[in-house]
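Trainee:
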Amino acid sequence: MKRILLAIALFITTCSFAQYDSGYVHKGILAGVGTVGVGEMPTHNISNLYVTGNLEYFSEKNVSVRGDAYIFVNSTEQNSPLKQNSSIYFGGFYHFRTHSGFDPLIGLQPGAAFARTTDSAYGKTDAGAISPLFSVVGGFNFFGEKWFHIQANIRYTVGQESTQQSQFNLTEWSFNFGLGFNIDMIQKYKCVYKATF
Amino acid sequence: MKTFRSIFAVTLLLFCITTQAQKDSTAGQFSLGMRSTVSSFTDAGSNGLGAGGQFWIRVTKHMNTVWYSDYINTNIQSIGFRRDAHIGWSVVFYLDKDPMLTHKITPYLLAGQCFDYTNVYSDYFNNSVQRWSAAAAQGGMGATYKLTDHFDFSVIALYMMHLGKHVLTEVNYTEQGEKYLNITTPEGASLDGHLLITFSVNYLLGKL
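Chains X and F supply the protein sequences, listed in that same order. Under the numbering used here, think of the first position of the first sequence as 718, with each following residue one higher. Under the numbering used here, think of the first position of the second sequence as 473, with each following residue one higher.
The following block contains the structure:
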C-alpha cells in the first residue's frame with residue numbers, strides 16, 4: 718500500500734512539475750505546415766503570392782531545424798516584371814520558453830531562389846538564375862491540439878538576381894499564416910501531454 | 473601540383489584530428505550548420521551576398537576546424553555581376569580559457585585555405601572572365617555564442633586572398649558619360665581578395 722501511495726505521489730508531483738515547467742513544446746516534435754504566403758518587395762513596389770510549406774524538427778526543447786519552400790504563384794500587379802521567384806530555405810530556430818502551447822520563435826535561414834524576369838538584352842529574354850538568399854524569420858506556433866497547431870511567420874529576405882539580361886533586387890518582406898500537423902517522434906513526454914491537455 | 477598539395481595537406485590534417493581525438497574529451501565533436509555570407513571590399517565597391525553550408529570537427533579543447541562551401545552573388549552597380557563559389561577549410565584557435573560554454577561568447581582566430589571559382593560579367597560588349605584557383609588563403613577572427621548545449625550562433629570576419637590570376641574590375645565612363653564595367657586580367661601574381669563576413673547557425677550532432 719505504501720508503495721502504491723508513493724508511486725501515485727511521485728506521478729502527481731511529476732505531472733504538476735511538468736505543468737509548471739513548460740508547455741507542450743518539447744524535444745522530438747516533427748511539425749509540418751502548408752499554406753499560402755504573401756510577399757512585398759519594397760524596392761519594386763510589387764506584391765507576390767506563394768504556396769508555401771515547411772518541415773520542422775525540435776532537436777531540443779527550444780531549438781529546431783527547419784526547411785521552408787516557397788512556390789511562386791504570381792505577382793498581384795499586372796505589369797510586374799517578375800515571372801518566377803520560387804525559393805527554398807534551411808536553418809535553425811530558437812524557441813523562447815513559455816508555460817503554454819504558445820511558442821514564439823526566431824530563426825536564421827540561408828536559402829536560394831530561382832528568379833526570372835521579363836527583361837531582355839542581346840536578343841534574349843532573361844532565362845533566370847539561381848541566387849543565394851539571406852533571411853531572418855520571426856513568428857510563433859500555437860500547439861492547441863494533439864495533432865495540429867497554427868503557425869504565423871514574418872520573413873525578411875535579402876537577395877539579388879543577376880543575369881546578362883536582368884539585375885533584379887529580390888529583397889522582400891513575406892508573411893504566412895496557416896494550420897500545421899505535428900507528431901511526437903519521442904513518446905517519453907506522454908505524462909506532460911496528458912496533464913497539459 | 474597545387475591541387476595535389478592541397479589534398480595532401482587536408483589528408484594530413486584529418487589524420488592529426490583523428491590521432492588527437494583519442495586524447496581529448498572534446499576532440500571529435502561534429503557540428504553541422506548553414507551560413508550566409510556578405511562579401512565586400514571588391515568589385516568597384518559593391519557588396520555581394522552568399523549562402524552555403526558548413527561543418528565543424530573539433531580537434532582539441534582550444535582548436536577546431538571548419539569546412540565550408542559558399543555561393544556568392546554580387547551585383548556590380550547594375551552594369552555587371554560577379555559569382556563566386558568557395559569550398560574551403562579553416563583552423564580555429566579559441567582565445568578563451570574555457571571555450572564553447574553555454575550562454576557565453578567564445579572569441580577565436582582562424583586561418584585556412586580555399587578552392588575558388590570566380591565569374592565576372594560586364595554588360596559592356598557582353599564581356600565575361602572566369603577564374604579557377606586552388607590557392608586562395610584566408611585569415612580572420614570570429615565569435616560563437618552557444619544558446620544551448622548543442623545550438624550556437626556564430627559570426628566570422630575573414631579576409632580571403634586569391635593567389636591565382638588577377639581579375640580587376642573598374643567602373644569607367646564612355647564619351648557619352650555612361651558608366652560601364654571594365655574587366656582586365658593583368659599579368660603577374662596578385663594578392664587581391666575580399667572581406668567575407670559570415671553569419672551561421674550550427675548544431676552539435678555528437679562525436680565522430
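Just so you know, even glycine gets a beta-carbon here, dropped at the ideal spot from N, CA and C.
(1) Would you check if the distance between the CB atom of Gly636 of chain F and the CB atom of Ala609 of chain F is smaller than 7 Å?
(2) Helix or strand or just coil, what does DSSP make of Thr596 of chain F?
(3) Chain X beta carbons: is any one of them nearer than 7 Å to that of Ser508 of chain F?
(4) Looking at chain X, is there any beta carbon in it that lies within less than 7 Å of the beta carbon of Ala523 of chain F?
(5) Identify whether Ala609 of chain F lies in helix, strand or coil by the three-state DSSP scheme.
(6) Does the separation of the CB atoms of Leu747 of chain X and Tyr774 of chain X fall below 7 Å?
(7) Is it right to say Ser518 of chain F is buried, meaning 16 or more other beta carbons lie within 10 angstroms of its own, or is it exposed?
(8) Within 10 angstroms of its Cβ, does Lys576 of chain F collect 16 or more other Cβ (buried), or is it exposed?
(9) So what's Asp570 of chain F in DSSP terms, helix, strand or just coil?
(10) Determine, using beta-carbon pairs with one atom in the stretch 888-902 of chain X and one in the stretch 859-871 of chain X, whether at least three such pairs fall under 8 Å.
(11) Taking only three categories from DSSP, how would you classify Tyr543 of chain F?
(12) Compute the Euclidean distance between the alpha carbons of Cys586 of chain F and His558 of chain F, then round it to the nearest angstrom.
(13) What does Glu757 of chain X touch in chain F if you count any residue whose Cβ is under 7 Å from its own?
(14) Could you check the C-alpha separation between Arg833 of chain X and Phe885 of chain X for me, to the nearest Å?
(15) Counting only C-beta atoms, is Val780 of chain X closer than 7 Å to chain F at any point?
(16) Find the nearest neighbour of Thr498 of chain F within the set F:Lys651, F:Leu676 and F:Arg530, judged by alpha-carbon distance.
(17) Just how far apart, CA to CA, sit Phe671 of chain F and Lys744 of chain X?
(18) Determine which residues share a DSSP beta bridge with Ser512 of chain F and list them.
(19) Can you list, in chain order, the residues of its chain with a C-beta nearer than 6 Å to that of Arg783 of chain X? Leave out the 5 residues immediately preceding and following it.
(20) So for Met506 of chain F, helix, strand or coil by DSSP?
(21) Using alpha carbons as the reference points, say which of X:Phe807, X:Tyr839 and X:Asn779 lies closest to Phe857 of chain X.
(22) Taking His534 of chain F as the reference, give the member of F:Leu504, F:Asp570 and F:Gly505 with the closest Cα.
(23) May I ask you to list, following chain order, the residues of the stretch 590-616 of chain F that have a beta carbon less than 7 Å from some beta carbon of chain X?
(24) Could you spell out the range, first to last residue, of the beta strand (DSSP E) harbouring Arg872 of chain X?
(25) For Leu766 of chain X, which of X:Gln881, X:Gly876, X:Thr835 and X:Lys800 has the nearest alpha-carbon?
(26) Considering only residues of the same chain and omitting the five flanking positions on each side of Ile669 of chain F, which have a CB-CB separation below 6 Å?
(27) Which of the residues in the stretch 881-905 of chain X, read from start to end, lie with their CB under 7 Å from any CB of chain F?
(28) Applying a beta-carbon distance threshold of less than 8 Å, which residues of chain X neighbour Asn654 of chain F?
(29) Thr574 of chain F CB to nearest chain X CB: under 7 Å?
(30) So, under 8 Å CB-CB, Asp496 of chain F and Gly552 of chain F are touching, yes? Tell me the CB distance rounded to an integer number of Å.
(31) Classify His761 of chain X as helix, strand or coil using the three-state DSSP reduction.
(32) From Pro579 of chain F to Ser503 of chain F, what does the alpha carbon distance come to, in whole angstroms?
(33) Does the distance from the C-beta atom of Gly524 of chain F to that of Gly560 of chain F stay below 7 Å?
(34) Is there a C-beta anywhere in chain C that falls below 7 Å from the one on Ser848 of chain X?
(35) Please check if any C-beta of chain F sits within less than 7 Å of the C-beta of Leu772 of chain X.
(36) State the start and end residues of the unbroken beta strand (DSSP E) segment that holds Met633 of chain F.
Mentor: Quick look at the numbers:
(1) If you check the CB distance, Gly636 of chain F and Ala609 of chain F do not come in under 7 Å.
(2) Here residue 596 of chain F turns out to be Tyr, not Thr, going by the sequence shown. DSSP places Tyr596 of chain F in helix when its eight states are reduced to three.
(3) Under the Cβ criterion of 7 Å, Ser508 of chain F is counted among the residues facing chain X.
(4) yes
(5) strand
(6) Yes, they are a contact pair.
(7) buried
(8) exposed
(9) coil
(10) Flag = yes, the stretch 888-902 of chain X and the stretch 859-871 of chain X touch.
(11) Correct three-state label for Tyr543 of chain F: strand.
(12) 6 Å
(13) The premise fails here: Glu757 of chain X is roughly 19 Å from chain F at the closest Cβ pair, so nothing lies under 7 Å.
(14) For the pair Arg833 of chain X and Phe885 of chain X, the Cα-to-Cα distance works out to about 9 Å.
(15) yes
(16) F:Arg530
(17) 25 Å
(18) F:Leu667
(19) Asn771, Glu773 and Phe810
(20) strand
(21) Considering only alpha carbons, the answer is X:Asn779.
(22) F:Asp570
(23) Tyr593 and Asn598
(24) Phe865 to Ser879
(25) Answer by Cα proximity: X:Lys800.
(26) Val510 and Ala629
(27) Gln881 and Gln884
(28) Using a Cβ-Cβ cut-off of 8 Å, Asn654 of chain F is close to nothing in chain X; its nearest Cβ partner there is about 17 Å away.
(29) no
(30) Not really, about 49 Å apart at Cβ, beyond 8 Å.
(31) coil
(32) 17 Å
(33) No. Outside cutoff.
(34) Of the protein chains in this structure, namely X and F, none is chain C.
(35) no
(36) Phe623 to His634
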